[in-house]
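Peer 1: The structure that follows is given in the form of C-alpha cells.
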Amino acid sequence: MRDLQSYCKILISLISKSKNVTMSLRIVDSNSRNFIRNTFLRLFRFIPRGCNPLGIATSNTIISYLKICIFLPFFITILFAESPFEGEDNTSVQNPADTVKNQNLNAVQNSFWYKNRTGNENILNIKFNPKSSKTYKIRTRSAMATTFIFDSDKIAQVILGDSLGFEALELGRNKYDLSNILVVKPKLIGIDTSLTIIGESGNIYNFYLFSTDYKNSRNPAILVFVSENRTIGKIKVENLELEKAKKLEEEKLALQNKLDNKKEILIIGEGIEKISIDTSKIQKGYSSYPKKKWYGSTSKDSAKLKPIEVFNDDKYTYFKYNKNRSDSKFPAVYRVVDGYDNPANVKIVGDYIIAETISDKWTLRIGNEYVCVRKKH
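First residue of the sequence shown: 90, per this note's numbering; consecutive thereafter.
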C-alpha cells in the first residue's frame, strides 16, 4: 500500500513540474490546470496512512485507492490532451474597432433632436464686407467636420493657429474646381484657435474656432457660407476634366483647320480666266435642297442641278459643277431677298459659277426645275 502511495506522489510531482504541460494545454487556462493539480493533492492528502492494528487494510483505505485508480487516468488525459489549435498562430491582436462596433456609446448630441428644430441651426451664413475687418466665432464639434464655402472667391492661403488640435483640408482642384471650399475638423475637445484665410481676390477672412463634444447644448456649425451679397444656395462647380477635354478638342480642330488650309491659295480656271482665292477667307456650310414633287419625292431633274460645292470668300459666292459631264448644266442663279428670287450677276470660270455677291439664300433654276441653297449658322 505504501508503494502505491509513493507511486502516486511521484506521478503528481512529475505532472506538476512538467515543462510540457503549459505547451500542451492549449485549451485549458492556468487556473484550470492549478485546480486539477490541487484536486490531485487534496485527494491524495485524505488517503488514510495505514491499516488497522491487525494489519488489514480498512474499507476507507481501499475506497480511497479505488478513487485514485478511477480518476487518475481521466485527469492525466485532460492535462496532456493536445489542443486542436496547436501549431496555429494565436498571437493575433483584436482590432479595437471590432470591440466597440456593436456597443451603444450613448454619444448622440441631444440638440439635433429638439422638437422645434428647423434644420437650419447648423448652417451659418456670413455676409462679408471687404471694407470692415471682423472676426467670426465658429463652434465646431468632435466627430464632425465644418465646411467653409466662399461664394465668389478662391482660397489662396490658409493660416491655422493650432495644427495639432485642428485639421484643415483644402479640396483644391482635382476633377472639379473646389478651390473655394475648406474643411476643418477638431482633433481635441475644449480647445480653441485662430483661422485666417486669404482669398485670391485679396479679401482676408478671420475666424475664431473652438471645439465642443456631444454633451454641448448648442449646435455646432457644420456649414459656413461666406458671401458678399447672398445666403447659401447653389454654387458653380467647374468640371476641370471636361473643360480640359473641350480645350483639347478645340486645339485639335484648330490644328485640323490649319492643316486643311495649309494650301493658302485656291486657283480655279485656266489662262487669262484663272482666279486665285485666299483659302483663309473661304466660308462653307451651304446645303442644297432639290425641288420635291407633290407626293414628297425629289425630282430627278432638279437633283441634277445640285452643285458639287458651295462657298464664299466674303466677296463672291462660288457654285462648283463638273462641266465635263454630259448631263451637267449650269443653271441660272438667283439671290433670295425677302422671299423673292432676284437675278444675280454671275460669270463662269472653269467648273465654277461665280455670283458677284454673297447671300445666305440662293435659288438655282433651269426651266421649272430648281434647287434651293441655304447657309447653315
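For every residue, glycine included, the Cβ atom is placed at its ideal position computed from N, Cα and C.
Bear in mind the structure is a predicted one, so any value in this text is a computation, not a measurement.
1. Using the C-alpha atoms, what's the distance from Glu398 back to Tyr375?
2. Less than 8 Å between the CB atoms is what I'm expecting for Phe296 and Ile227, so what's the real figure, rounded?
3. Under 8 Å by Cβ, that's how I've got Ser377 and Lys393 pegged, so tell me the actual separation to the nearest angstrom.
4. With distances taken between CB atoms, is the gap from Asp440 to Lys409 smaller than 9 Å?
5. How about Lys382: is its C-beta nearer than 9 Å to some C-beta of chain B?
6. In the DSSP assignment, the beta strand (DSSP E) including Ser316 goes from what residue to what residue?
7. Where does Glu353 fall in DSSP's three states?
8. Taking its Cβ as the centre, do 16 or more other Cβ atoms sit within 10 Å of Tyr384, making it buried, or is it exposed?
9. Once DSSP output is grouped into helix, strand and coil, what is the label at Leu253?
10. Take Val247 and list the residues in its own chain whose beta-carbon comes closer than 7 Å to its own, dropping the five residues that flank it on each side.
11. Measuring CB to CB, does Arg206 end up less than 9 Å from Tyr303?
12. For Val315, which residues of its own chain have a beta-carbon under 6 Å away from its beta-carbon, when the five flanking residues on both sides are left out?
13. Compare the C-alpha of Gly456 against each of Ala421, Tyr429, Asn434 and Gly428 and name the closest.
14. Can you give me the Cβ contacts of Lys464 inside the same chain, cut-off strictly under 6 Å, excluding the 5 residues immediately before and after it?
15. Given that a residue counts as buried once 16 or more other Cβ atoms are within 10 Å of its Cβ, and exposed if not, what is Ala245?
16. So within the region 354-421, which uninterrupted beta strand (DSSP E) runs reach at least 3 residues, ignoring any that extend past its ends?
17. Using the Cβ count rule (16 or more neighbours within 10 Å means buried), how would you classify Ser290?
18. With the cut-off set at 9 Å, would you say Gln372 and Asn401 are in Cβ contact?
19. Does the Cβ-Cβ distance between Tyr459 and Lys380 come in under 9 Å?
20. For Ile447, which option in Arg319, Ala433 and Val438 has the closest C-alpha, if you only look at C-alpha atoms?
21. For Arg463, which residues does DSSP report across the bridge?
22. Classify Trp451: buried if its beta carbon has 16 or more other beta carbons within 10 angstroms, exposed otherwise.
23. Can you give the beta carbon distance from Phe255 to Val313, rounded, assuming they're within the 8 Å contact cut?
24. Quick check on the DSSP output: the beta strand (DSSP E) that includes Val273 runs from which residue to which?
25. Which two residues bound the contiguous beta strand (DSSP E) that contains Thr236?
Peer 2: In brief:
1. Taking the first residue of the sequence shown as position 1, residue 375 is located at position 286. Taking the first residue of the sequence shown as position 1, residue 398 is located at position 309. C-alpha separation (whole angstroms): 8 Å.
2. Locating residue 296 in the sequence shown gives position 207, counting from the first residue. Locating residue 227 in the sequence shown gives position 138, counting from the first residue. 5 Å between Cβ atoms; contact.
3. Sequence index remark: in the sequence shown, residue 377 carries index 288 (1-based). Sequence index remark: in the sequence shown, residue 393 carries index 304 (1-based). Actually they do not touch by this definition, with Cβ atoms about 11 Å apart.
4. As a position in the sequence shown, residue 440 is number 351, starting the count at 1. As a position in the sequence shown, residue 409 is number 320, starting the count at 1. Yes; because the gap between Cβ atoms is below 9 Å, this pair is in contact.
5. Note that chain B does not occur in the displayed structure, where there is just one protein chain.
6. Your numbering for residue 316 matches position 227 in the sequence shown. Leu312 to Ser316 is the span of the beta strand (DSSP E), which, as asked, contains Ser316.
7. The sequence position of residue 353 within the sequence shown is 264, counting from 1. Correct three-state label for Glu353: coil.
8. On the sequence shown, position 295 is the one that residue 384 refers to. So Tyr384 counts as exposed.
9. Within the sequence shown, numbered from 1, the residue matching residue 253 stands at position 164. DSSP places Leu253 in coil when its eight states are reduced to three.
10. Here residue 247 corresponds to residue number 158 of the sequence shown, with the count starting at 1. Ala257, Glu259, Leu271 and Ile286.
11. The count along the sequence shown starts at 1 and reaches residue 206 at position 117. The count along the sequence shown starts at 1 and reaches residue 303 at position 214. No, Cβ-Cβ distance for Arg206 and Tyr303 is not below 9 Å.
12. If you number the sequence shown from 1, residue 315 lands on position 226. For Val315, where only same-chain residues beyond five positions count, the Cβ hits under 6 Å are Ile215, Phe217 and Phe239.
13. Here residue 456 refers to the residue found at position 367 when the sequence shown is read from its first residue. Checked all of Ala421, Tyr429, Asn434 and Gly428; the closest Cα to Gly456 is Ala421.
14. Numbered from 1 along the sequence shown, position 375 holds the residue referred to as residue 464. Result list for Lys464: Gly374, Tyr375 and Asp449, in chain order.
15. Along the sequence shown, one-based indexing puts residue 245 at 156. Label assigned to Ala245: exposed.
16. 354-357, 364-367, 375-379, 398-401 and 406-409
17. Here residue 290 corresponds to residue number 201 of the sequence shown, with the count starting at 1. So Ser290 ends up on the exposed side.
18. Position 283 of the sequence shown, counting from 1, holds the residue named residue 372. Position 312 of the sequence shown, counting from 1, holds the residue named residue 401. It is a contact, given that the beta carbons lie within the stated cut-off.
19. Translated into the one-based positions of the sequence shown, residue 459 becomes position 370. Translated into the one-based positions of the sequence shown, residue 380 becomes position 291. Cβ distance < 9 Å, so Tyr459 and Lys380 count as in contact.
20. Taking the sequence shown and counting its residues from 1, the one referred to as residue 447 is at position 358. Ile447 has its Cα closest to that of Ala433, out of Arg319, Ala433 and Val438.
21. For the purposes of this step, residue 463 is taken as residue 374 along the sequence shown, with counting starting at 1. DSSP output for Arg463 lists Ser376 and Lys450 as bridge partner(s).
22. Locating residue 451 in the sequence shown gives position 362, counting from the first residue. The residue in question, Trp451, is buried, as its Cβ has 16 or more Cβ neighbours within 10 Å.
23. The residue given as residue 255 occupies position 166 in the sequence shown. The residue given as residue 313 occupies position 224 in the sequence shown. No, Phe255 and Val313 are not in contact; Cβ-Cβ is about 14 Å, not under 8 Å.
24. Position 184 of the sequence shown holds residue 273. Its beta strand (DSSP E) spans residues Tyr265 to Pro275.
25. Within the sequence shown, the letter at position 147 stands for residue 236. Residues Thr235 to Phe239.
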